[in-house]
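Visitor:
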Amino acid sequence: MEETNINNSFFKIYNEKCEDTMKNNILPKSIDLIFTSPPYNMTKRKGGYADSGRYDEFQDWKEQEEYIEWTNSIFNNFDEVLKENKLVIYNFSYSIENPSLPYKIVSSIENNTNFTLVDTIIWKKKCGLPFPANKYRLSRNWEYIWIFCR
């Protein structure tokens with residue numbers, strides 16, 4: 004945790020596993036804003052992030068329904084710690100194997116949590132990452148940033 008004072012405003016920035024932080028360190032209804040970029044669950048193919056050891060604890064190869072349920076669980080935890088009428092800024096992209104996953108996740112969040120999508124921002128990146136799995140696929144130079152409110 005890092006404590007910062009900017010323009011006489013006090014911030015606490017947590018850079019750790021969110022499930023643990025929310026359960027152990029955060030008071031109910033005490034957070035003004037959540038900005039998160041979860042693992043994208045992109046590793047169904049050999050040579051992907053799972054083989055490279057990108058994440059220490061997260062298994063980046065869940066089945067689609069398991070991943071969506073995990074996301075809903077995270078948002079339900081957000082609901083416990085976020086103040087009323089505050090935002091979750093959720094940066095999420097997709098793998099080339101499943102380009103419909105972000106839409107399924109947004110729909111599931113709206114149907115299974117207390118959050119509603121209120122806006123979508125497109126983050127234009129300097130280069131298209133992740134790189135496509137083969138040279139005949141296009142590379143994206145943007146990602147979604149979904150804005151949710153309760």
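According to this note's numbering, the stretch in the sequence shown is residues 4 to 153, in order. In this text, a Cβ means the ideal position worked out from N, Cα and C, and glycines have one as well. No experiment lies behind these values; they were computed from the predicted model shown.
What does DSSP give as the partner residue(s) for residue 89 in the beta ladder?
Guide: As a working note, residue 89 is residue 86 in the sequence shown. Residue 89 is bridged by DSSP to nothing; it lacks a bridge partner.
Visitor: State the beta-bridge partners of residue 94 as determined by DSSP.
Guide: Taking the sequence shown and counting its residues from 1, one reaches residue 94 at position 91. Under the DSSP definition of a beta bridge, residue 94 partners with 148.
Visitor: Measure how close the beta-carbons of residue 71 and residue 111 come, nearest whole angstrom, since I'm counting them as under 8 angstroms.
Guide: Here residue 71 corresponds to residue number 68 of the sequence shown, with the count starting at 1. Here residue 111 corresponds to residue number 108 of the sequence shown, with the count starting at 1. Cβ atoms of residue 71 and residue 111 come within 8 angstroms of each other, at about 5 angstroms.
Visitor: Using alpha carbons as the reference points, say which of 129, 87, 19 lies closest to residue 118.
Guide: Translated into positions along the sequence shown, residue 118 becomes position 115. Checking every option, the nearest Cα to that of residue 118 belongs to 87.
Visitor: Is it the case that the Cβ atoms of residue 121 and residue 152 are separated by a distance below 7 angstroms?
Guide: Numbered from its first residue, the sequence shown carries residue 121 at position 118. Numbered from its first residue, the sequence shown carries residue 152 at position 149. Closer than 7 angstroms, so yes.
Visitor: Comparing alpha-carbon positions, which option in 40, 145, 105 lies nearest residue 128?
Guide: If you number the sequence shown from 1, residue 128 lands on position 125. Checked all of 40, 145, 105; the closest Cα to residue 128 is 145.
Visitor: Since residue 126 contacts residue 94 with CB under 8 angstroms, what's their CB separation in whole angstroms?
Guide: As a first step, residue 126 must be located in the sequence shown, where it is residue number 123. As a first step, residue 94 must be located in the sequence shown, where it is residue number 91. 7 angstroms between Cβ atoms; contact.
Visitor: Is the CB-CB distance between residue 31 and residue 83 below 7 angstroms?
Guide: For the purposes of this step, residue 31 is identified with residue 28 of the sequence shown, where counting begins at 1. For the purposes of this step, residue 83 is identified with residue 80 of the sequence shown, where counting begins at 1. Yes. Within cutoff.
Visitor: Taking the alpha-carbon positions, what's the residue 96 to residue 43 distance?
Guide: Taking the first residue of the sequence shown as 1, we reach residue 96 at position 93. Taking the first residue of the sequence shown as 1, we reach residue 43 at position 40. Approximately 6 angstroms, taken between the alpha carbons.
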